[in-house]
Amino acid sequence: MPSTKSENPELSLFLPVLDEEDNLRPMHEKIRAALDALGKSAEVIFVDDGSTDKSLAILKEIAASDDRVRVISLRRNYGQTAAMSAGIDAAKGDILIPMDADLQNDPADIKRLLDKLDEGYDVVSGWRKNRQDKMISRKIPSQIANRIISWIGGVPLHDYGCSLKAYRREVLQDVKLYGEMHRFIPIYASWAGARVTEIPVDHHARTMGKSKYGISRTIKVVFDLMTIKFMAEYHTKPIYVFGTFGMLAFIASIFAGVYAVFMKLAGRIGLPQYQADFVETPLPILCIVMFAISIQFFLMGLLAELLVRTYHESQDKAIYAVREKIGF
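Below, the structure written as structure tokens:
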């Protein structure tokens, strides 16, 4: 097979792999056919995420037979986000394309993603419009999650869970991934000013191997959504969120204290039915506790502000992103 690999290829494909020994050779054949049809210089990076089957041995054989293939073997199973991050860090192409290694994504769709990028977009996300998964356990929870993510992140996509996407290299330049946040990369890119769109892509039912997705991942996504919302609204101004909760706690403290004093003096102002001594009501304790909590929130907000400023200033990191400069 003729080589189309170069030091700086036009395309970088990267595929996280976890116990996919039966799928790797067929997947590689499909990728090879798709890349040959494109005629572009490319590299294919398989990231073995601590597989316990023969996946790594098969990947080494594939790499020996195809000089476009590179293999990264992680020391243990770190999860899909870490594996994708390793692929992004190793990729040298101008266009980065992640995809799954389980044969459910179709490499033939790569051309359609690239064609859409050529229309002026920076990110093209795949949409498994005719998804071949179980309705109750996979498709319905996914549809609900995608609507919530779109609402919170402000980027209306139908399918955040589809791994098959295409990114211009510059939009991933400073993206750092944690938790299960690989699915939120289009949101990060949009925050940096990237033009994001989506197109329907083919999706095939899994025929070999076992799915690595479970209900536990849904719970992780919920926590990551909380982080996404916080970063979207308060990434450079955390005092706003901590200060808001601190102010609510302070108001609750004042209300409890005033009402406790009112109950103490109720008998003297002709309202004996409301009279109660301080030891007869929890309001004084509530007043003290909520006041202490409000002070904690205010101080945490100030500490968060210091951390944000240290983060940006120590790295000389701007709080904005420039798309282009003219006349410089």
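Those letters in the sequence shown? Residues 11 to 338, by this note's numbering. A virtual CB, placed ideally from N, CA and C, is assigned to each residue, including glycine. The structure presented is a predicted model; accordingly, all values stated were derived computationally and were not measured.
Could you check where the alpha helix (DSSP H) with residue 123 kicks off and where it finishes?
Counting along the chain, the alpha helix (DSSP H) containing residue 123 begins and ends at 120 to 127.
Mind the definition here: the segment 134 to 141 touches the segment 88 to 95 only if three or more C-beta pairs lie below 8 Å; say whether that holds.
Contact fails: fewer than three Cβ-Cβ distances are below 8 Å.
By the three-class DSSP mapping on this structure, what secondary structure does residue 117 have?
Helix at residue 117.
Would you mind stating whether residue 246 and residue 131 have Cβ atoms separated by less than 8 Å?
For residue 246 and residue 131, no; Cβs fall outside 8 Å.
By a C-beta neighbour count over all protein chains shown, 10 Å radius and 16 as the cutoff for buried, is residue 129 buried or exposed?
Exposed.
State whether the segment 59 to 74 contacts the segment 27 to 38, with contact taken as three or more CB pairs (one from each stretch) at a distance under 8 Å.
Short answer: they touch.
List the whole-angstrom C-beta distance separating residue 20 from residue 50, where the pair is believed to meet the contact cut-off of C-beta under 8 Å.
So it is a contact: roughly 4 Å between Cβ atoms.
Let me know the secondary structure DSSP gives residue 12 once reduced to three states.
With a pLDDT of only 45 at residue 12, under 50, the local geometry of the prediction cannot be trusted, and the value read off the model is given with reservation. Three-state result, residue 12: coil.
Using C-beta distances below 8 Å, list every residue in its chain close to residue 182, excluding the 5 sequence neighbours before and after it, in chain order.
Correct list, in chain order: 98, 106, 195, 199.
Taking residue 288 as the reference, give the member of 280, 44, 104, 271 with the closest Cα.
Closest by alpha carbon: 271.
Should the segment 255 to 270 be regarded as contacting the segment 286 to 303, the criterion being three or more beta carbon pairs within less than 8 Å?
A contact exists between the segment 255 to 270 and the segment 286 to 303.
If you reduce the DSSP assignment to three classes, tell me which class residue 62 lands in.
Of the three classes helix, strand and coil, the one that applies to residue 62 here is coil, per DSSP.
Only counting runs of 4 or more residues, tell me where the alpha helix (DSSP H) segments fall wholly within the segment 61 to 93, in order along the chain.
Entirely contained in the segment 61 to 93, the alpha helix (DSSP H) runs reaching 4 residues are, in chain order, 65 to 75.
Using 8 Å for Cβ pairs, my map puts residue 122 next to residue 209. What's the rounded Cβ distance?
Residue 122 to residue 209, Cβ: 6 Å. Contact.
How is residue 296 classed by DSSP in three states: helix, strand or coil?
Note: residue 296 maps to helix in three-state DSSP.
Is it the case that the Cβ atoms of residue 111 and residue 55 are separated by a distance below 8 Å?
No, these two residues do not count as a Cβ contact at 8 Å.
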